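These notes are about the structure you will find just below.
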Amino acid sequence: ALQVGIVGLPNVGKSTLFNALTSAKAEAANYPFCTIDPNVGVVTVPDPRMDKITEFIKPQKVVPTTMEFVDIAGIVKGASQGEGLGNQFLSHIRQTDAIVHVVRCFDDPNIIHVAGSVEPIRDIEIINTELLLADLDSVEKRLQRTEKQAKNSTDKKLKLDVEVAKKIKEALGKGLPARAVVLDEMEQVALKEMHLLTAKPVLYAMNVNDADFAAGGNDWTKAVEARAAEENNKTILICSAMEAEIALLPPEERKDFLDALGAEEPGLNRLIREAYTLLGLQTYFTAGVTEVRAWTIRANTKAPQAAGVIHSDFERGFIKAETYHCEDLFKYKSEQAIKDAGKYRIEGKEYVVKDGDVLFFKFNV
Ligand code: GDP
2 ALQVGIVGLP NVGKSTLFNA LTSAKAEAAN YPFCTIDPNV GVVTVPDPRM
52 DKITEFIKPQ KVVPTTMEFV DIAGIVKGAS QGEGLGNQFL SHIRQTDAIV
102 HVVRCFDDPN IIHVAGSVEP IRDIEIINTE LLLADLDSVE KRLQRTEKQA
152 KNSTDKKLKL DVEVAKKIKE ALGKGLPARA VVLDEMEQVA LKEMHLLTAK
202 PVLYAMNVND ADFAAGGNDW TKAVEARAAE ENNKTILICS AMEAEIALLP
252 PEERKDFLDA LGAEEPGLNR LIREAYTLLG LQTYFTAGVT EVRAWTIRAN
302 TKAPQAAGVI HSDFERGFIK AETYHCEDLF KYKSEQAIKD AGKYRIEGKE
352 YVVKDGDVLF FKFNV
């Protein structure tokens, strides 16, 4: 499953956010919630389109799609050089596909700030520097190894590995993350194999007090937004303490609480969806009277591979897919009406599945 790592300095609200994410979903009746280990939680991806589909299809069962969040503690100044918990965090973060970087944009005299004061840009730089130093270390080691191997070899891939490692090392040396290096397709494959921390996409979660949340931010969040824009990264405003409260409310009270705030849904839902998008993920649906279900694919996935997400037999024996878009269901209100309007299609092996497609696969067994 695709994983998002939650990083940030101590006392910025990571665990509060992680607990809110996991406890909120514990109440989603349709999904068998599980915590894989104390720091890994499975979260359902909220999708208003799925709720709408169920209004028309009225299935017995609804199964949302999921993703995983990992609470990665232990990054402090000097961590890459062995400070604090040292670089134990590295092995956890390497396995993740994207990063939510929680930044403290709230002041609270009762909650100690590890660096002495609230200063989000400095905090961002501390974390990013640790990730960068850790990457520099692994790229240098890799370069030593691959250069030695490449010397006595005609293997083109090895030569490419050396070239890419050099480019990345140069960028890191200048303080740039690996994701900022422009690479062609082959080079990107080589980069992926390096499992670098600064190659992963980042979403900054600006954690504020409830008053600043209601106000849409503060001076600190403005600074973070400016920084993120320079880096080509996205931001999201959250109040993790409030999200934790909302998550613990019984569903009926949750609605009232959100209404009082003038919010349509918990901020966590936005966060989950942003992280999903950050991973380059899309959703298609299967929809019948027994079950409406959401499935996750990467952007640009063709129909047979999309079918393979359900079962490898579906991919192997793929014949065709019958399909319509969920927007057509909302517009025409029934499958028959979609057919009458000529919007019900039959697609083959080369069809690129779109976000929001409803698909029925025909396959040989
Ligand atoms: P972590 O070390 O980053 O995992 O931080 P925690 O989630 O454990 O939070 C540290 C402390 O900050 C806890 O006492 C939280 O209750 C508090 N905290 C978290 N988010 C907020 C917030 O949005 N506002 C305020 N005032 N306190 C918060």
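With UniProt numbering, the residue at position 320 of the sequence shown is 321, and numbering never jumps. Yeah, the Cβ is synthetic: ideal placement off N, Cα and C, and Gly gets one too. Predicted model only: the values in this text are computed from it and were never measured.
Is residue i near residue j, with beta carbons less than 8 Å apart?
{"i": "V104", "j": "G9", "result": "yes"}
{"i": "A99", "j": "P202", "result": "yes"}
{"i": "F361", "j": "A308", "result": "no"}
{"i": "D356", "j": "Q306", "result": "no"}
{"i": "A276", "j": "L204", "result": "yes"}
{"i": "L144", "j": "K170", "result": "yes"}
{"i": "E141", "j": "L161", "result": "no"}
{"i": "S81", "j": "A248", "result": "no"}
{"i": "I133", "j": "G176", "result": "The residue you asked about is not Ile; residue 133 is Leu in the sequence shown. Cβ distance < 8 Å, so L133 and G176 count as in contact."}
{"i": "I298", "j": "K321", "result": "no"}
{"i": "V115", "j": "N40", "result": "no"}
{"i": "E328", "j": "Y345", "result": "no"}
{"i": "E200", "j": "R180", "result": "Strictly speaking, residue 200 in this sequence is Ala, with Glu absent from that position. Cβ atoms of A200 and R180: closer than 8 Å."}
{"i": "V43", "j": "C106", "result": "no"}
{"i": "V165", "j": "L137", "result": "no"}
{"i": "A264", "j": "G281", "result": "no"}
{"i": "V101", "j": "A206", "result": "yes"}
{"i": "I76", "j": "I128", "result": "yes"}
{"i": "V163", "j": "A151", "result": "yes"}
{"i": "T97", "j": "V5", "result": "yes"}
{"i": "L259", "j": "P267", "result": "yes"}
{"i": "M195", "j": "S139", "result": "yes"}
{"i": "V354", "j": "Y285", "result": "yes"}
{"i": "A288", "j": "I54", "result": "yes"}
{"i": "S313", "j": "G14", "result": "no"}
{"i": "V182", "j": "K168", "result": "yes"}
{"i": "F331", "j": "K350", "result": "no"}
{"i": "I339", "j": "Y325", "result": "yes"}
{"i": "I112", "j": "R228", "result": "no"}
The beta strand (DSSP E) with residue i in it runs from where to where?
{"i": "K235", "result": "235 to 239"}
{"i": "Y333", "result": "Y333 -> not in any beta strand (DSSP E); alpha helix (DSSP H) instead, spanning 327 to 333."}
{"i": "V293", "result": "292 to 299"}
{"i": "A99", "result": "99 to 105"}
{"i": "K78", "result": "No beta strand (DSSP E) contains K78, which DSSP labels as neither H nor E."}
{"i": "E69", "result": "67 to 72"}
{"i": "E348", "result": "346 to 348"}
{"i": "I94", "result": "Per DSSP, I94 belongs to no beta strand (DSSP E); it is in the alpha helix (DSSP H), 89 to 95."}
{"i": "T45", "result": "41 to 45"}
{"i": "G6", "result": "4 to 8"}
{"i": "V64", "result": "62 to 64"}
For the alpha helix (DSSP H) containing residue i, name the first residue and the last one.
{"i": "I273", "result": "268 to 279"}
{"i": "L317", "result": "This sequence places Arg at residue 317; Leu is not what is there. Unbroken alpha helix (DSSP H) run through R317: 313 to 317."}
{"i": "G174", "result": "157 to 174"}
{"i": "L144", "result": "121 to 152"}
{"i": "Q283", "result": "Unbroken run through Q283 is the beta strand (DSSP E), 282 to 288; no alpha helix (DSSP H)."}
{"i": "L259", "result": "252 to 262"}
{"i": "T55", "result": "49 to 58"}
{"i": "D358", "result": "Per DSSP, D358 belongs to no alpha helix (DSSP H); it is in the beta strand (DSSP E), 358 to 364."}
{"i": "I339", "result": "336 to 341"}
Could you check whether the Cβ of residue i sits closer than 7 Å to any heavy atom belonging to the ligand NAP?
{"i": "Y325", "result": "For the ligand NAP, the structure offers nothing, since it holds only the ligand GDP."}
Using a Cβ-Cβ distance cut-off of 8 Å, determine whether residue i contacts chain D.
{"i": "E188", "result": "Within the model displayed, chain D is absent; a lone protein chain is all it includes."}
Inspect the CB distances between the segment 221 to 234 and the segment 108 to 122 and report whether three or more fall short of 8 Å.
-> A contact exists between the segment 221 to 234 and the segment 108 to 122.
**Request:** Report yes or no: do the segment 270 to 282 and the segment 227 to 238 share at least 3 C-beta pairs separated by less than 8 Å?
**Result:** Contact between the segment 270 to 282 and the segment 227 to 238 is present, because at least three Cβ pairs lie under 8 Å.
Okay, do the segment 51 to 68 and the segment 290 to 307 touch, 3+ Cβ pairs below 8 Å being the bar? Inter-segment contact for the segment 51 to 68 and the segment 290 to 307 is present: three or more beta-carbon pairs are separated by less than 8 Å.
Starting from the N-terminal end, write out each residue whose C-beta falls within a distance shorter than 6 Å of any non-hydrogen atom of the ligand GDP.
Selection around the ligand GDP by beta-carbon proximity, strictly under 6 Å to any non-hydrogen atom, yields G9, P11, N12, V13, G14, K15, S16, T17, F107, D109, I112, N208, N210, C240, S241, A242 in chain order.
Open item on the list: My parser needs the beta strand (DSSP E) runs of 3 or more residues fully inside the segment 178 to 238; what are they?
Closed with: Entirely contained in the segment 178 to 238, the beta strand (DSSP E) runs reaching 3 residues are, in chain order, 203 to 208.
Is the segment 68 to 80 in contact with the segment 5 to 24, if contact means three or more CB pairs nearer than 8 Å? The answer is yes - the segment 5 to 24 touches the segment 68 to 80, with three or more Cβ pairs under 8 Å.
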